Each structure stands twice: as C-alpha cells, then as structure tokens.
Amino acid sequence: MDHYIFKSDRLGFRNWTEEDKSKMGMINSDPKVMEHFPSIPTQKQTDEFIDRMRDQFSKNGFCYFAVDKLENNEFIGFIGIAEQTFESDFTPCVDIGWRLAQAEWGKGFATEGAKKCLEFAFNEMGLENIKSICPEINTRSEKVMKKIGMKKFKSFNHPLLFEYKELEKCVLYEIEK
205 MDHYIFKSDR LGFRNWTEED KSKMGMINSD PKVMEHFPSI PTQKQTDEFI
255 DRMRDQFSKN GFCYFAVDKL ENNEFIGFIG IAEQTFESDF TPCVDIGWRL
305 AQAEWGKGFA TEGAKKCLEF AFNEMGLENI KSICPEINTR SEKVMKKIGM
355 KKFKSFNHPL LFEYKELEKC VLYEIEK
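Using our numbering, you'd call the opening residue of the sequence shown number 205 and step up by one each time.
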C-alpha cells in the first residue's frame, strides 16, 4: 500500500494522520528545533496545526506535508507548501516551509524535500509563485531557501512577531515557476 502523494529519492510526502500528532509534538517540544519561534507549542497547539494542515489539504490539495524517510517509513517532520493569510503587502500567498526532527538535520532532507515540493507546486498544482519567510537570525532556513533556487525579495517586520524583537525582522524569499 503506497500512501504517499509523491516521493523524492529518500522521502515520502503524505497527508497527516492522528498518529502523527504525538510524534510532531515531540519534535515541537525540542527547544533547538523551535529556537527561532516565539514559544514551544503545546500538544494542543500542535494538534490544531495538524488539523489546519489536513483542512488545507482537503481544500487545496496541498499543505505542509507529513514526511517519512522511505528507508524505514519513519516520520521525521514536515516539508510542504501552505497558504499564508496574515496581513502584509504580499499575502495571501503560498509559502514553502519545513520543520524536521533535530536528529535529521544536516542530511540534506530539507533541501531535497523542498525541491520536490516546488516541483509538485509548479507541475502538479499549477502554482506560479512560491514564497518563503523566516526570521533573519534563522540562517539555516535561509540557506535552504538559497539552495532550492529562491531569491531574496526583501526584509520586513513580521506583523505576528512584533512582540518578539529578536524574531520580528524577517526575510522574504520567492521563486517563480
């Protein structure tokens, strides 16, 4: 039984299941993984995030996908595209993002997965433009943006992070089909 929407060389991309909630909760509880976020999400917040992703998938055919390593079908986090609707001069938009278990960092999974998600977005979903956002201090994510061919569009103060001065200044990258 193949439950993947699509695959890259080493990763399988799928919709979320109830079983993913506790596993994503463990990833989200890692202070290093959440270093560039305002807080560590509670399990309830993680569950709500997954429910929102499932809703986006039902509505749009895409979301931040649950990602498994194909070698052992182990869940390692998410990589995908999702609607962003916070108030700014570039929203609504479709954003590409990723969050992986720290044990999987440095193996090229974020770059491999993001490239495959761009291919899916442009070729399967017919999208024309994808954006990506992160705080300026999140140099690891910005490096992935560059590796997948995105170009820096601008820096801006994120309206949802104004209370967190170290995170408020963000970069916006984009790529066209």
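Note that CB positions come from ideal geometry on N, CA and C, so glycine has one too.
In this text, all values refer to a predicted model and were calculated from it rather than measured experimentally.
8 Å or more divides the Cβ of residue 366 from the Cβ of residue 376. Taking C-beta atoms under 8 Å as the contact rule, residue 231 and residue 344 fail to qualify, at a distance of about 15 Å.
Rounded to whole angstroms, the gap between the alpha carbons of residue 223 and residue 368 is 32 Å. In this structure, DSSP gives residue 237 a state outside helix and strand, which the three-state scheme calls coil. A Cβ-Cβ contact shorter than 8 Å links residue 284 with residue 321.
The continuous stretches of beta strand (DSSP E) do not include residue 214, and DSSP gives it neither H nor E.
Distances from the alpha-carbon of residue 274 to those of 237, 313, 258, 294 put 313 closest. With a beta-carbon spacing of about 6 Å, residue 282 and residue 269 fall inside the 8 Å limit used to define contacts.
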